[in-house]
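What follows is a set of notes on a single structure, which appears directly below.
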Amino acid sequence: ARRLPPPAGCVRSGVLDGRALLRTSLEDRDAVARAVAEAPVVSAATHLPHLGPPALRKALAAHAGLRLLSFAPGAKGADLAPGLLDVLSRSRSLVAVEALEASLTPVDCRRVGSAVGASGSLRV
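Counting along the sequence shown from 1, when you hit position 113 you're at 115 in the numbering used here, and nothing is skipped either side.
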């Protein structure tokens with residue numbers, strides 16, 4: 003089994019390793035949000051099982067260089083949709099969302115589609 007990054011070290015070379023969100027404690031999720039907020043640059047977030055607490059979503063979207071969100075295999079649509087919509091509505095630099103294989107509801111698909119259309123530069 004691959005070792006998960008500790009929350010404090012989850013942002014390396016401008017990439018958030020979303021596997022740090024697999025931890026279940028709120029303290030660990032808050033630590034991930036703080037690490038993202040304090041990082042000088044975050045250009046990508048990978049292996050995301052979900053988009054965590056609102057503080058993380060806000061921190062991600064605040065990074066002007068955020069270009070990519072990539073989700074973990076098996077991520078559930080119900081866990082992703084609210085956070086994805088939040089980041090899509092806030093980010094002005096995001097250009098790609100990859101591995102969105104989650105089972106989104108038809109309503110969530112329409113909402114995500116509308117957000118993608120409104121961005122003008124995003125591809126899914």
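All C-beta atoms, glycine included, are put in the ideal place defined by N, C-alpha and C.
Asked, Found
"CB contact flag (L23, L62, <8 Å)", "no"
"Length at least 3, wholly inside the segment 27-93: the beta strand (DSSP E) runs in chain order", "46-50, 70-73"
"Own chain partners of S95 with C-beta closer than 8 Å, once the 5 adjacent residues on each side are dropped", "H65, A66, G67, L68, R69"
"Nearest-angstrom Cα separation, counted from P56 out to S27", "15 Å"
"CB contact flag (A35, L71, <8 Å)", "no"
"Terminal residues of the alpha helix (DSSP H) in which A120 lies", "108-121"
"Spatially closest choice to A41 from P75, A77, C12, by CA coordinates", "C12"
"Other residues of its chain near E100: CB distance less than 6 Å, five sequence neighbours each side excluded", "S72"
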